[in-house]
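Working notes for the structure below.
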């Protein structure tokens, strides 16, 4: 029971963010081994069942016995929102902490992480079916222009290439009139690492991983999703690998063009991720090879002994 006049300590969590192909997964598992942690995935597509190869979802053998949360928790036919993520992540973090382990939030979806930490506000505005029907077929440029006009502040923070998020932002702005202020304080005390890889190296890593994913059966994965009833429209919404693999399977892209376009688009997305993370002045930037430093800083943050590092 809390004592009147005393503040309860906030739960401590560690966050590892960064662009795709930067080495977040390996780093997080090594850290979890060192500090007694469990991983909470913060990836907007790895939450979906059946989206494994295309999203680079960690394999069971790669987990090295470390429990991972928020993987394969949602039906890909249905939209899983940032609010859904935040609620599920808070429950997972509470469970991990209650059992005496360290929650380590890992992912490239900075919007999800910011939502969890309270730096982005998600107002409780119900879906507006009529509005969605009215603007759902509008172009990306139209949606961007509309949001910029009715809520410039929200326009500056939203993913401008994501039609689903643009439509949702317009929906909220139409209902509320202006972007609400974010929460003044987070529920957690967070140590936030950002994984930085030089862009030339990152570009090579993205290319190598793309070729590996193709060899592992990414096209087969998309065929399987289609055979289970996932629509072409939904694959387009899921973006990147699923969008362009679907175009290839529909005969609209050659395999060579598929690889070249995906290579370019994934790299563009990685740059967008870095732009998002760099806005956060509280991030401690590290190289994926800075394992010893990450463990040392984490142990200091958690108040753990420093031996073994």
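In my numbering, the protein residues as written are 19 to 327. Beta carbons are placed, not taken as given, at the ideal position from N, Cα and C, and that holds for glycine. For clarity, every value in this text was computed on a predicted model and none was experimentally measured.
Query raised in the report: If you run the structure through DSSP and keep just helix, strand and coil, what is residue 206?
Result: Position 188 of the chain shown, counting from 1, holds the residue named residue 206. Of the three classes helix, strand and coil, the one that applies to residue 206 here is coil, per DSSP.
Query raised in the report: DSSP puts residue 55 in a beta bridge; with which residues?
Result: Position 37 of the chain shown holds residue 55. Residue pairing from DSSP places residue 55 in a beta bridge opposite 120.
Report task. Quick one: using the 10 Å Cβ neighbour count with 16 as the cut-off for buried, is residue 316 buried or exposed? Result -> Taking the chain shown and counting its residues from 1, the one referred to as residue 316 is at position 298. By the 10 Å Cβ count, residue 316 comes out buried.
Query raised in the report: In this structure, does DSSP put residue 128 in helix, strand or coil?
Result: In the chain shown, the residue the question calls residue 128 occupies position 110. Collapsing the DSSP output to three states places residue 128 in a helix.
Query raised in the report: What first and last residue would you give for the beta strand (DSSP E) that runs through residue 32?
Result: Numbered from its first residue, the chain shown carries residue 32 at position 14. 30-35 is the span of the beta strand (DSSP E), which, as asked, contains residue 32.
Query raised in the report: Does DSSP put residue 323 in a helix, in a strand, or in coil?
Result: Residue mapping note: residue 323 aligns to position 305 of the chain shown, counting from 1. Coil, per DSSP.
Requested in this report: Give the DSSP-derived three-state secondary structure of residue 66 in the structure shown.
Outcome: Taking the first residue of the chain shown as 1, we reach residue 66 at position 48. Note: residue 66 maps to strand in three-state DSSP.
Requested in this report: Can you tell me the Cβ-Cβ gap for residue 128 and residue 295, rounded? I've got them flagged as a contact below 8 Å.
Outcome: By one-based count along the chain shown, residue 128 stands at place 110. By one-based count along the chain shown, residue 295 stands at place 277. Contact check for residue 128 and residue 295: beta-carbon distance about 5 Å, within the 8 Å limit, so the pair qualifies.
Query raised in the report: Nearest CA to the CA of residue 237: which residue from 257, 273 and 248?
Result: Here the question's residue 237 lines up with position 219 in the chain shown. With distances taken between Cα atoms, residue 237 lies closest to 273.
Query raised in the report: Leaving out five residues before and five after residue 353 in sequence, what residues of the same chain have Cβ atoms less than 7 Å from its Cβ?
Result: Because residue 353 is not part of the residues shown, which for the chain are 19 to 327, the question remains open.
Report task. Compute the minimum distance between the beta carbon of residue 81 and the heavy atoms of the ligand GDP, and state whether it is under 6 Å. Result -> What this structure holds is no ligand at all, so the ligand GDP is not there to describe.
Report task. Starting from the Cα of residue 42, find the closest Cα among 30, 58, 27 and 29 and give me that residue. Result -> Here residue 42 is taken as the residue at index 24 of the chain shown, counted from 1. Closest in alpha carbon position to residue 42, among 30, 58, 27 and 29, is 58.
Query raised in the report: Counting Cβ pairs closer than 8 Å, one from the stretch 213-228 and one from the stretch 174-186, do we hit at least three?
Result: At 8 Å Cβ cutoff, the stretches do not touch.
Query raised in the report: Cα-Cα, which of 250, 119 and 305 is closest to residue 30?
Result: The residue you call residue 30 lines up with position 12 of the chain shown. Comparing Cα positions, the closest option is 119.
Query raised in the report: Tell me the DSSP bridge mates of residue 213?
Result: If you number the chain shown from 1, residue 213 lands on position 195. Looking at the DSSP assignment, residue 213 forms a beta bridge with 304.
Requested in this report: With DSSP as the reference, please indicate the residues paired to residue 92 in a beta bridge.
Outcome: Within the chain shown, residue 92 is the residue found at index 74, counting from 1. In the DSSP assignment, residue 92 forms a beta bridge with 66.
Query raised in the report: For the alpha helix (DSSP H) that contains residue 188, what are its first and last residues?
Result: Numbered from 1 along the chain shown, position 170 holds the residue referred to as residue 188. From DSSP, the alpha helix (DSSP H) with residue 188 extends over 181-194.
Requested in this report: List the whole-angstrom C-beta distance separating residue 252 from residue 95, where the pair is believed to meet the contact cut-off of C-beta under 8 Å.
Outcome: As a working mapping, residue 252 is identified with position 234 in the chain shown. As a working mapping, residue 95 is identified with position 77 in the chain shown. Contact holds; Cβ gap of about 6 Å.
**Report entry** In DSSP terms, what residue 86 is bridged to
**Finding:** Mapped onto the chain shown, residue 86 falls at position 68. Per DSSP, 57.
Query raised in the report: Between residue 35 and residue 212, is the Cβ-Cβ spacing less than 7 Å?
Result: On the chain shown, residue 35 is found 17 positions in, with the first residue counted as 1. On the chain shown, residue 212 is found 194 positions in, with the first residue counted as 1. Yes, the pair counts as a contact, with Cβ atoms nearer than the cut-off.
Query raised in the report: Are residue 135 and residue 204 close, meaning C-beta to C-beta below 7 Å?
Result: As a position in the chain shown, residue 135 is number 117, starting the count at 1. As a position in the chain shown, residue 204 is number 186, starting the count at 1. In terms of Cβ geometry, residue 135 and residue 204 form a close pair [threshold 7 Å].
Query raised in the report: Just how far apart, CA to CA, sit residue 269 and residue 71?
Result: Here residue 269 refers to the residue found at position 251 when the chain shown is read from its first residue. Here residue 71 refers to the residue found at position 53 when the chain shown is read from its first residue. Distance from the CA atom of residue 269 to the CA atom of residue 71, rounded to whole angstroms, is 21 Å.
Query raised in the report: What first and last residue would you give for the alpha helix (DSSP H) that runs through residue 71?
Result: As a first step, residue 71 is located in the chain shown; it is residue number 53 there, counting from the start. Judged by DSSP secondary structure, residue 71 falls outside any alpha helix (DSSP H); it is assigned neither H nor E.
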